[in-house]
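So the mapping is simple: UniProt numbering equals the position in the sequence shown, first residue as 1, plus 2. Input: a single structure, listed below in structure tokens.
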Amino acid sequence: LKIAVFASGSGSNFQALADAIQAGGIPASIELLVCDKPSARVVERAASLGIDTYLFQPKQYPNREAYEQEILSELRARGIELIVLAGYMRLITRVLVEPYYGRMINIHPALLPAFPGVNSVKQALDYGVRVTGVTVHFVDGGTDTGPIIAQQAVEVLPGDTEETLSARVHQAEHRLLPQTVRWIAEGRVRLEDRLVTVDRE
Ligand code: GRF
């Protein structure tokens with residue numbers, strides 16, 4: 003399974019996925035990093051892993067559709083079969099959603115449909131929930147609204163700060179994302195209407 007990861011920041015999830023694939027057992031390869039921030043740490047990670055990076059500057063385009071058109075050509079030229087959004091901080095338009103619906107996933111640091119959008123860990127802390135977690139879902143036209151594939155709960159502990167809770171949420175992400183990609187690569191994930199079934203053998 004040929005994968006492109008889209009990321010804008012640190013890229014710890016990109017790294018976790020690359021490490022899991024390298025360790026073996028996932029029939030997939032990361033062919034490309036797509037990044038909108040030249041100074042992002044994820045760009046260095048890709049370089050050390052020997053993974054090609056497609057960098058673009060959104061400001062140089064009239065609108066989102068314009069740069070997504072170029073990204074789409076790049077993905078097609080490389081035969082990309084799965085897009086993984088891992089901390090990609092931009093909205094996706096129909097230019098990418100339509101051709102890749104059911105083949106584009108996102109990792110979100112909360113138990114959707116709770117706390118969509120940005121700052122989800124802080125939102126969860128401020129709300130006072132006792133359990134939060136992480137979600138991997140297919141991407142549709144909305145913000146964090148697509149069909150859910152996998153979730154993992156993370157307990158909120160007394161005295162948690164955004165930092166301590168974030169760290170545990172990240173640990174959960176680093177397990178759940180590679181596991182979900184493995185399920186998809188093994189052909190065990192089916193999307194019917196807007197519900198997902200996972201064949202767990
Ligand atoms: C993760 O928490 C992911 O769920 C969110 O952005 C964060 C990216 O972290 N969408 P990293 O860049 O993978 O370290």
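Idealized CB from N, CA, C, for every residue including glycine.
For glutamate 175, the CB falls within less than 7 Å of some heavy atom of the ligand GRF. Apart from the 5 residues on each side of it in sequence, leucine 197 sits with its Cβ closer than 8 Å to the Cβ of Pro149 in its chain, given in chain order. Phenylalanine 16 has its alpha-carbon roughly 15 Å from the corresponding atom of leucine 57. Assignment of glutamate 83 by DSSP, reduced to helix, strand and coil, places it in the coil class.
The C-beta of leucine 159 has fewer than 16 other C-beta atoms within 10 Å across all chains shown, which makes the residue exposed. Per DSSP, glutamine 62 has no beta-bridge partner at all. Cβ neighbours of histidine 172 within its own chain (closer than 7 Å, five residues either side excluded): Ser14. In this structure the region 81-92 does not lie against the region 128-137, because fewer than three pairs of beta carbons, one per stretch, are closer than 8 Å. Here serine 31 is exposed. Its C-beta has fewer than 16 other C-beta atoms within 10 Å. Under the three-state reduction of DSSP, tyrosine 56 is assigned to strand. Between valine 141 and valine 99, the C-beta gap is smaller than 8 Å, which places the two residues in contact. In this structure, alanine 6 and leucine 77 form a Cβ contact; the two beta carbons are roughly 6 Å apart against a cut-off of 8 Å. Taking the C-beta atoms as reference points, alanine 152 is found nearer than 8 Å to valine 138. Annotation: the region 68-115 contains the following complete segments of the beta strand (DSSP E) (minimum length 3 residues), in chain order: 84-87 and 106-110.
Pairing alanine 112 with glycine 143 gives a Cβ-Cβ distance that is not under 8 Å.
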